[in-house]
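Input: a single structure, listed below in structure tokens.
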Amino acid sequence: AQKVTQAQTEISVVEKEDVTLDCVYETRDTTYYLFWYKQPPSGELVFLIRRNSFDEQNEISGRYSWNFQKSTSSFNFTITASQVVDSAVYFCALSEADSGTYKYIFGTGTRLKVLA
Amino acid sequence: SAVISQKPSRDICQRGTSLTIQCQVDSQVTMMFWYRQQPGQSLTLIATANQGSEATYESGFVIDKFPISRPNLTFSTLTVSNMSPEDSSIYLCSVEGPDRGRGRKYFGPGTRLTVT
Numbered sequence: 071a072q073k074v075t076q077a078q079t080e081i082s083v084v085e086k087e088d089v090t091l092d093c094v095y096e097t098r099d100t101t102y103y104l105f106w107y108k109q110p111p112s113g114e115l116v117f118l119i120r121r122n123s124f125d126e127q128n129e130i131s132g133r134y135s136w137n138f139q140k141s142t143s144s145f146n147f148t149i150t151a152s153q154v155v156d157s158a159v160y161f162c163a164l165s166e167a168d169s170g171t172y173k174y175i176f177g178t179g180t181r182l183k184v185l186a
Numbered sequence: 540s541a542v543i544s545q546k547p548s549r550d551i552c553q554r555g556t557s558l559t560i561q562c563q564v565d566s567q568v569t570m571m572f573w574y575r576q577q578p579g580q581s582l583t584l585i586a587t588a589n590q591g592s593e594a595t596y597e598s599g600f601v602i603d604k605f606p607i608s609r610p611n612l613t614f615s616t617l618t619v620s621n622m623s624p625e626d627s628s629i630y631l632c633s634v635e636g637p638d639r640g641r642g643r644k645y646f647g648p649g650t651r652l653t654v655t
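In structure tokens, the structure reads:
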């Protein structure tokens, strides 16, 4: 069955610390897509990254990096040198085809608090 | 890309009343999605709305409680009927990009509903 687990409910770090948000997924498909979204206090969901199941290369975008490991079904997100503006809820999501229709499942989210 | 607007942005409603939320997209899309995000929770898909056909509801959601209209390819409404305090949530409208389920979703800014 399709499932996304974000075991960390809330993380607090001090500014400039590095922080990793964990995401573990379950899927029966060989073709699937993984996403990270950020939801700041304003409530709007901000797209961060998409990764397909055939591309296991890690990705870096500025202070953000993602580690995709199919062997452990994980797609972890690291923020380097965190800033107060990184404070938000971060959602990991999985999309897989189910009888021709794509099902999009969100994890429960991790609330990140970056303290000045 | 798609730009989505929602009205109202927030509302406080009395128990037993109904509220209709509007979602407008700046481009024509086949499917529109309605999500609910209860306080401190993840996003849960309520229904998928295709133009010209009945909406498809997820388990736990029924048309009598959440009637949806989809009169054209850029607009949809979600009504929350006979509201109770348990309906207090953020309601988000979403569409897919050209890659459909393989790609990112675009989200509206959400409607924050409080039922007293």
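Taken in order, these protein sequences are the chains called L and X.
Count the first sequence with this note's numbering and you get residues 71 to 186, in order.
Count the second sequence with this note's numbering and you get residues 540 to 655, in order.
We treat Cβ as the ideally placed atom computed from N, Cα and C, and that holds for glycine.
- The stretch 90–109 of chain L and the stretch 551–561 of chain X do not touch, with fewer than three beta-carbon pairs separated by less than 8 Å.
- Judged by DSSP secondary structure, V619/X falls within the beta strand (DSSP E) whose first and last residues are F614 to V619.
- Taking C-beta atoms as the reference points, S627/X and Y574/X fail to come closer than 8 Å.
- Along the stretch 617–651 of chain X, going in chain order, the ones with a CB nearer than 9 Å to a CB of chain L are I629, L631, S633, E635, D638, R639, G640, R641, G642, R643, K644, Y645, F646, G647, P648, G649 and R651.
- Looking at the DSSP output, K183/L shares a beta bridge with S82/L.
- F614/X and Q563/X do touch by the CB rule: their CB atoms are close to 6 Å apart, below 8 Å.
- Rounded to the nearest whole angstrom, the CA to CA distance from E85/L to T583/X is 32 Å.
- Between the C-alpha atoms of R609/X and V89/L there is a straight-line separation of about 42 Å.
- Contact check for G179/L and Y160/L: beta-carbon distance about 7 Å, within the 8 Å limit, so the pair qualifies.
- Under the 8 Å criterion on CB atoms, L612/X is classed as non-interfacial with respect to chain L.
- Judged by DSSP secondary structure, M571/X falls within the beta strand (DSSP E) whose first and last residues are M570 to Q576.
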